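Residue 7 is where the sequence shown starts when you use this note's numbering, and the numbers rise one by one after that.
All C-beta atoms, glycine included, are put in the ideal place defined by N, C-alpha and C.
Predicted model, so just to flag it, every value in this text is computed and none were measured.
Accompanying notes for the structure given below.
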Amino acid sequence: MDAETDRQPGFSSQEDMSFWEENLLKPLVGTDLFLSACEVVKPGIMYYSDFSGYDAPRESLRVLCQYLQVHSDVLEQDVSVQCVRSCDCGRIQQDLLKQLSTLLDHGESCVFGNLDHRLPDWVAEWITTVAPTLNTEAAAAGKMNSDIHDFLLQHRGAVLDADSRSFCAVHKKACPVYPGCAFSRLDNTSSLASSEDAPTAWWEKPSRFQQKPLTVSAAGLCCTDYSKLGKQKREAGPSERWHHIWHIDRVRAAELHAEDFFFTECAHAYPADKQAAGLEDLYHVVHIKTSPHHLGFPVRRPRTFTAGISKESFVWIGPETDEELQEMWSNLFDRDCFLTGDVYFCASDEQVSAWVSERAAKRKKKLPMNWQRQTVEQLLPMVLPVGAVSRKRKYDDVFETGKALNGSFLCDLDHNPGYGPTAGPLFPPMDTHPSIYSYVHRRLALPLECFSAQGLDVFPALAGARGLTPLLPVLESLSDIDARFLAGGQSLANCQGE
Ligand SMILES: [Zn+2]
């Protein structure tokens, strides 16, 4: 769909999409860059995340390590990846992350709550006292948030140290905040008594690594204050304090020699360079901007990705400026986008029928006798609120001018035409509970299809040799409303995978 022709060709079919990592990464195989990447991950990876959502970067690591293993002469065995912690304050996210700990990590990985739980009580209480409320005037709110940052920075040694712990919802006790510190002291013991009904934590067991592993953190920073939905409150917004805690946490992680890399993903408008200011002495910090459709995936979701590389652990020999790095990134990974968002509509008729039935029951709507012979379009009043049905009629008016040549047109029925996520042939960004409607398929995207559009391998037709994501059983167990909540505001597995 892109007019430019100097890009490398992207995917032209579902089958192409099923080995996207070959398309994107193959040009690197055999290069010095690829060999370096293999050497770096060889000792293994200790991974943890904050603002985790469903922990999409974990899926990126699965695909990336699988690819490196298959194509590397350096790696003699599988890259050992140990996921030791996730963190999210939302009930839905916490429930899902606890299930993932049980399912994928034998209950060894931790699940933390909010970021302030890792601070001493007096600091967390002070922040709550001085933080702006929703009603605080913008200039005053900005000053309050700035004061919180300055205080945390000034007193950081007392606020976070090698022994810092946070209450863990899996192990029902205080678990280590800095896995890199806990790794070097595996004889440490919890400050609270063990709970008999909780599984044993990773840090209470012998290390699985022969050498010191690479320690990597990821965070999908909350960008609401930098989006239209958050009214662009920016530095005066209520999420700013969490960014400051995350920032000081990175400073301390480096000072404690506990972290080799950090990664973040946030909204395009988020001032990532400004937020990373103050980390330059400890990390080499780089930013790139991209969207899945720049890489050939038919999804619009412009994002800024930041990486911090510990100066103590590594010497950066890449491009010196962000502009040069962005150009290098684009030359390597940008692809023409030939497909439309309809490629993700992979659910079977049975899955669609089951979803219609569940949605109608939830809405206490009685489906007509012959409903299985009707299209979802005809059944929209049974599965959607009145407002969304009327918005569908408004999209009907702009469909002809917005559709692709093959008739592809997708829109989010939670928003009016011209407001919120862009409608068109690409799968729209999923910033809130998405209600993505396809004019080709004449139905809404099922939650699993939304996850698929975020790069998760949930359908065999798109997963190919990578295999289905191990997250699938947990994703399938979610209710429709919880799944759509998680699909909104989530990192992208196939962008971070690069
Ligand atoms: Zn724990």
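- CA-CA distance, P63 to N376, rounds to 43 angstroms.
- Proximity of the beta carbon of H177 to ligand 1 is indicated: a heavy atom of the ligand is located closer than 7 angstroms.
- Every alpha helix (DSSP H) stretch that sits fully inside the region 285-353 and reaches 4 residues is listed by chain position as 328-339.
- If you look at R64, you'll find it in the alpha helix (DSSP H) that goes A62 to H77.
- Given a length threshold of 3 residues, each whole run of the beta strand (DSSP E) inside the region 414-472 is given here in chain order: 416-418 and 442-444.
- The beta carbons of H250 and I154 sit closer together than 8 angstroms.
- If you ignore the 5 residues before and after A224, its C-beta comes within less than 6 angstroms of the C-beta of S55, P63 and F269, all in its own chain and listed in chain order.
- A273 places its beta carbon less than 8 angstroms from that of R309.
- A273 carries a strand assignment under DSSP once its states are collapsed to helix, strand and coil.
- DSSP lists C89 and V222 as the bridge partner or partners of Y53.
- In terms of side-chain proximity, the C-beta atom of A188 is found no nearer than 7 angstroms to any non-hydrogen atom of ligand 1.
- Taking C-beta atoms as the reference points, S297 and R307 count as a pair closer than 8 angstroms.
- With a contact defined as Cβ atoms closer than 8 angstroms, L288 and A260 qualify at about 4 angstroms.
- Taking the Cβ of A207 as the reference point, at least one heavy atom of ligand 1 falls within a distance shorter than 7 angstroms.
- Exposure of G424 is indicated by the presence of fewer than 16 other C-beta atoms within 10 angstroms of its C-beta.
- Separation of the CB atoms of A275 and A144 is rounded to 17 angstroms, and the pair is thereby denied contact status at 8 angstroms.
- Minimum Cα-Cα distance from R341 among the listed residues L30, D22 and Q20 corresponds to L30.
- With contacts defined by Cβ atoms closer than 8 angstroms, I442 and P434 form a contacting pair.
- In the structure shown, K372 falls within a coil segment according to DSSP collapsed to helix, strand and coil.
- Per DSSP, V183 lies in no alpha helix (DSSP H) segment and is marked neither H nor E.
- C116 has its CB nearer than 7 angstroms to a heavy atom of ligand 1.
- The three-state reading of DSSP puts Q384 in helix, counting H, G and I together.
- Taking the C-beta atoms as reference points, T475 is found no nearer than 8 angstroms to D486.
- Contact annotation: G302 and P431 have beta-carbon atoms that are not nearer than 8 angstroms.
- Taking a cut-off of 8 angstroms for Cβ pairs, the region 37-44 and the region 74-94 touch, as three or more such pairs fall below it.
- Relative to A394, the option among P205, Q460, A360 and R449 whose CA is nearest is R449.
- Distance from the C-beta of C89 to the nearest heavy atom of ligand 1 is not below 7 angstroms.
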